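In the numbering used here, the protein residues as written are 1123 to 1179. Ideal Cβ positions, reconstructed from N, Cα and C, are used throughout, including at glycine. These numbers were taken from a predicted model, which means no experiment stands behind them. Before any comments, here is the structure.
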């Protein structure tokens, strides 16, 4: 994104800067134990990239 920052829409560049990675692991060990809870943690109207990473035990 940084390399193409001058050719991309400024809102897209802002959204891609420092994405949040949310770990989901059933049974514990992640930030959330269900995908639903992880999705519900994203604020309404969010403009940043949120990545849900599912992990196996």
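Cβ-based neighbour list, residue 1137, same chain, cut-off 6 Å, excluding 5 preceding and 5 following: Taking C-beta separations shorter than 6 Å and ignoring five residues to either side along the sequence, the partners of residue 1137 in its chain run 1169, 1170, 1171, following chain order.
Nearest-angstrom Cα separation, counted from residue 1150 out to residue 1166: 25 Å
For residue 1174, three-class secondary structure by DSSP: Three-state result, residue 1174: strand.
Start and end residues, alpha helix (DSSP H) containing residue 1146: Here residue 1146 belongs to no alpha helix (DSSP H); instead the beta strand (DSSP E) covers 1142-1147.
Anticipated Cβ contact below 8 Å, residue 1156 with residue 1146, distance rounded: 7 Å
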